Amino acid sequence: MAGSRILSMGHYQPSRLVTNDDLAAIVDTNDEWIRDRVGIVTRRIAEGETVADMAASAAGKALAASGLTAADIDMVVVATCSSIDRCPNVASRVASKLGIAAPAAMDVNTACSGFSYALSTADHAIRAGAAHNAIVIGAEKLSDITDWSDRSTCVLFGDAAGAAVVTAAPDGEEPGIGPVVWGSAPEKGDVLKIEGWQPYIQQEGQTVFRWATTMLAPLARQACERAGVALEDLAAFVPHQANARIIDGIVKRLGIPNAVIAKDIVESGNTSAASVPLALSKLVERREVPSGAPVLLFGFGGGLTYAGQVIRCP
Amino acid sequence: MTRDEIIAGLAEILEEVAGVNPDDVAEEKSFTDELDVDSLSMVEVVVAAEEKFGVKIPDNEVQNLKTVGDAVSYIESNA
Chain X
1 MAGSRILSMG HYQPSRLVTN DDLAAIVDTN DEWIRDRVGI VTRRIAEGET
51 VADMAASAAG KALAASGLTA ADIDMVVVAT CSSIDRCPNV ASRVASKLGI
101 AAPAAMDVNT ACSGFSYALS TADHAIRAGA AHNAIVIGAE KLSDITDWSD
151 RSTCVLFGDA AGAAVVTAAP DGEEPGIGPV VWGSAPEKGD VLKIEGWQPY
201 IQQEGQTVFR WATTMLAPLA RQACERAGVA LEDLAAFVPH QANARIIDGI
251 VKRLGIPNAV IAKDIVESGN TSAASVPLAL SKLVERREVP SGAPVLLFGF
301 GGGLTYAGQV IRCP
Chain H
1 MTRDEIIAGL AEILEEVAGV NPDDVAEEKS FTDELDVDSL SMVEVVVAAE
51 EKFGVKIPDN EVQNLKTVGD AVSYIESNA
């Protein structure tokens, strides 16, 4: 089996724009503090939309751009950690909204690294012959699980969805989704958690920052090595959009001189599992990366989990 | 390594990581209040200090390092 590739991307963000000044009106914070610490200027917050609504909107756009139809899709995988409804899962609800009749439909929860986990799960299913055309989605409504009285966390998050249509790569063609490097640090997992009922996102910011800026660059490098792509040949790097200073820290250690660095966090905030497909979809939409060029995706965060792979830009 | 040598090494790190003027670095100075090193830059200082001085500074120790002198003493006794 030749592997799989991403045919197209799509994304959705709610229309309600929330600025740093808007947040300063509800908690003790200010624009300068937020920009300095995390690099966020705006974020989008859902009003009526559910996780499934946003996921279906992003998936519908990706499907329309792919040249395939709902009848071609036999697998839907949704990465999310913020769906309040548990069953039917988000993937089934997306399938229902898009008229996908009988897909293998599952949700994957590895928080912020979820899209890369979901993408490789679909890649593996296609390689195994268990699926032919998949829609892979990262979708989060973090505003539902944000403590709006906690100024250290409520300034960080946004709501969004991003989606990819994944299909079998033609025989003889290089795989468009490289080998995944994935794992976790369970002994430290509680430093970034969403637990109990009513659950809210809680984190020990310094510990997460240290883990992300020191431990992840070697793993991201490993994903490039396993894909046979030299670091200087990377056309773009799309890491989880947690904090602009974490992105800078990873980039500094990684050494990728020719790559476009996704910094969608500035306008969208941290959207957990949605951040990587959202940022990638925008790069594709703006044609910032040539089709076929190698792009390193790397998700990390809640749990603590991580996953990354090199893909060929759709 | 003397305390002065450790201070000089920390001053280099603080300049690179947080743009602190090396002339401002002295034992009694507080990282946050006087040198304007925020909590994330403090993590970067700690990581760079571990590499420079060959010392382990665990996460739970970072909050005890309020002043330059605290960091010098920790490095002096753990390097």
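Chains X and H supply the protein sequences, listed in that same order.
Reminder that position 18 of the first sequence reads as 18 in the UniProt record's numbering, one-by-one numbering, no gaps.
Reminder that position 72 of the second sequence reads as 72 in the UniProt record's numbering, one-by-one numbering, no gaps.
Think of the CB as a built atom: it goes at the ideal place given N, C-alpha and C, for glycine as much as any other residue.
Since this is a predicted model, take the numbers as computed values, not measurements.
Name the residue from the options whose alpha carbon lies nearest to the alpha carbon of residue i.
{"i": "R245 (chain X)", "options": "X:A235, X:A262, X:L231", "result": "X:A262"}
{"i": "H11 (chain X)", "options": "X:R286, X:N30, X:A70, X:T305", "result": "X:R286"}
{"i": "A105 (chain X)", "options": "X:V90, X:Y117, X:K97", "result": "X:V90"}
{"i": "W182 (chain X)", "options": "X:L283, X:P14, X:D264, X:A118", "result": "X:A118"}
{"i": "A279 (chain X)", "options": "X:G129, X:F115, X:V229, X:P218", "result": "X:F115"}
{"i": "F237 (chain X)", "options": "X:G308, X:A55, X:G172", "result": "X:G308"}
{"i": "H240 (chain X)", "options": "X:G228, X:A259, X:L216, X:I256", "result": "X:L216"}
{"i": "A235 (chain X)", "options": "X:P179, X:C313, X:D248, X:A242", "result": "X:C313"}
{"i": "residue 343 (chain X)", "options": "X:S8, X:R5, X:S268, X:L283", "result": "Here chain X comprises residues numbered 1 to 314, so residue 343 (chain X) is not present and cannot be evaluated."}
{"i": "M9 (chain X)", "options": "X:S66, X:I34, X:G228", "result": "X:S66"}
{"i": "I265 (chain X)", "options": "X:K61, X:I247, X:A95", "result": "X:I247"}
{"i": "V289 (chain X)", "options": "X:I311, X:G299, X:G303", "result": "X:I311"}
{"i": "A79 (chain H)", "options": "H:V55, H:V68, H:E15", "result": "H:V55"}
{"i": "P199 (chain X)", "options": "X:V260, X:S83, X:S57", "result": "X:S83"}
{"i": "E232 (chain X)", "options": "X:R253, X:N243, X:A259, X:W197", "result": "X:A259"}
{"i": "residue 318 (chain X)", "options": "X:V229, X:A59, X:T80, X:A95", "result": "Because residue 318 (chain X) is not part of the residues shown, which for chain X are 1 to 314, the question remains open."}
{"i": "L254 (chain X)", "options": "X:P218, X:R86, X:V94", "result": "X:P218"}
{"i": "I73 (chain X)", "options": "X:V94, X:L156, X:N243, X:R86", "result": "X:V94"}
{"i": "D36 (chain X)", "options": "X:L283, X:G299, X:N243", "result": "X:N243"}
{"i": "P186 (chain X)", "options": "X:S57, X:A128, X:F300", "result": "X:F300"}
{"i": "G176 (chain X)", "options": "X:A161, X:I201, X:R127", "result": "X:R127"}
Sorted by chain position, which residues of the same chain lie with C-beta nearer than 7 Å to residue i's C-beta, five sequence neighbours on each side aside?
{"i": "T305 (chain X)", "result": "T110, A111, S113, S184"}
{"i": "L17 (chain X)", "result": "T42, R44"}
{"i": "D21 (chain X)", "result": "D31"}
{"i": "Q203 (chain X)", "result": "T153, V191, L192"}
{"i": "M75 (chain X)", "result": "P103, A104, A122, A125, A131, A134"}
{"i": "E47 (chain X)", "result": "P14, R16"}
{"i": "N64 (chain H)", "result": "D70"}
{"i": "E173 (chain X)", "result": "A2"}
{"i": "G189 (chain X)", "result": "G303, L304"}
{"i": "I75 (chain H)", "result": "I6, A49, F53, V55"}
For residue i, which residues of its own chain have a beta-carbon under 6 Å away from its beta-carbon, when the five flanking residues on both sides are left out?
{"i": "E50 (chain H)", "result": "I57"}
{"i": "V62 (chain H)", "result": "V46"}
{"i": "V136 (chain X)", "result": "V77, A118, L119, A122, A164, V166"}
{"i": "G9 (chain H)", "result": "K52"}
{"i": "G158 (chain X)", "result": "R43, R44, S268, G269, T271"}
{"i": "S4 (chain X)", "result": "D123, I126, V166, A168, A169, I177"}
DSSP on residue i, reduced to helix/strand/coil?
{"i": "E173 (chain X)", "result": "coil"}
{"i": "E47 (chain X)", "result": "coil"}
{"i": "W211 (chain X)", "result": "helix"}
{"i": "D248 (chain X)", "result": "helix"}
{"i": "D144 (chain X)", "result": "helix"}
{"i": "T271 (chain X)", "result": "coil"}
{"i": "G162 (chain X)", "result": "strand"}
{"i": "P186 (chain X)", "result": "helix"}
{"i": "E195 (chain X)", "result": "strand"}
{"i": "I231 (chain X)", "result": "Per the sequence shown, residue 231 (chain X) should be read as Leu rather than Ile. The answer is helix: DSSP assigns L231 (chain X) an H, G or I state."}
{"i": "Q206 (chain X)", "result": "helix"}
{"i": "P294 (chain X)", "result": "strand"}
{"i": "Q13 (chain X)", "result": "coil"}
{"i": "A223 (chain X)", "result": "helix"}
{"i": "L7 (chain X)", "result": "strand"}
{"i": "R253 (chain X)", "result": "helix"}
{"i": "A2 (chain X)", "result": "coil"}
{"i": "residue 375 (chain X)", "result": "Nothing about residue 375 (chain X) can be reported from this structure: the residues present for chain X run from 1 to 314 only."}
{"i": "A279 (chain X)", "result": "helix"}
{"i": "V18 (chain X)", "result": "strand"}
{"i": "P239 (chain X)", "result": "strand"}
{"i": "residue 375 (chain X)", "result": "Not covered by the structure: residue 375 (chain X). The range shown for chain X is 1 to 314."}
{"i": "V284 (chain X)", "result": "helix"}
For residue i, collect the residues of the same chain with a Cβ closer than 8 Å to its Cβ; drop the 5 residues on either side in sequence, then sort them by chain order.
{"i": "A70 (chain X)", "result": "L63, L98, G99, I100, A101"}
{"i": "V43 (chain H)", "result": "V62"}
Exercise. Considering only residues of the UniProt domain "Carrier" (4 to 79) of chain H, which uninterrupted alpha helix (DSSP H) runs meet the minimum length of 4 residues and lie entirely inside it, listed in chain order?
Worked result: Annotation note: the UniProt domain "Carrier" (4 to 79) of chain H contains the following uninterrupted alpha helix (DSSP H) runs of length 4 or greater, listed N- to C-terminal: 39 to 53, 59 to 62, 68 to 78.
Exercise. Contact between the stretch 16 to 28 of chain X and the stretch 289 to 309 of chain X: three or more CB pairs below 8 Å?
Worked result: The answer is no - the stretch 289 to 309 of chain X does not touch the stretch 16 to 28 of chain X, with fewer than three Cβ pairs under 8 Å.
Problem set entry | Given 8 Å, three or more beta-carbon pairs between the stretch 141 to 149 of chain X and the stretch 21 to 32 of chain H | As far as the Cβ criterion goes, the stretch 141 to 149 of chain X does not touch the stretch 21 to 32 of chain H, which means the pair count is below three.
Exercise. Any chance the stretch 208 to 228 of chain X sits against the stretch 155 to 167 of chain X, with 3 or more Cβ pairs inside 8 Å?
Worked result: Below 8 Å, too few C-beta pairs join the stretch 208 to 228 of chain X and the stretch 155 to 167 of chain X to call them touching: fewer than three.
Exercise. Along the chain, which unbroken stretches of the beta strand (DSSP E) at least 3 residues long are found entirely within the stretch 23 to 83 of chain X?
Worked result: 42 to 44, 75 to 79, all fully within the stretch 23 to 83 of chain X.
Exercise. Should the stretch 137 to 146 of chain X be called in touch with the stretch 49 to 64 of chain X, which here means at least 3 C-beta pairs below 8 Å?
Worked result: Contact holds: three or more Cβ-Cβ distances are below 8 Å.
Exercise. Taking contact to mean at least 3 C-beta pairs separated by less than 8 Å, is the stretch 214 to 228 of chain X in contact with the stretch 273 to 284 of chain X?
Worked result: Short answer: they don't touch.
Problem set entry | Minimum length 4: unbroken alpha helix (DSSP H) runs contained in the stretch 86 to 149 of chain X | List check, alpha helix (DSSP H) in window: 90 to 98, 114 to 127.
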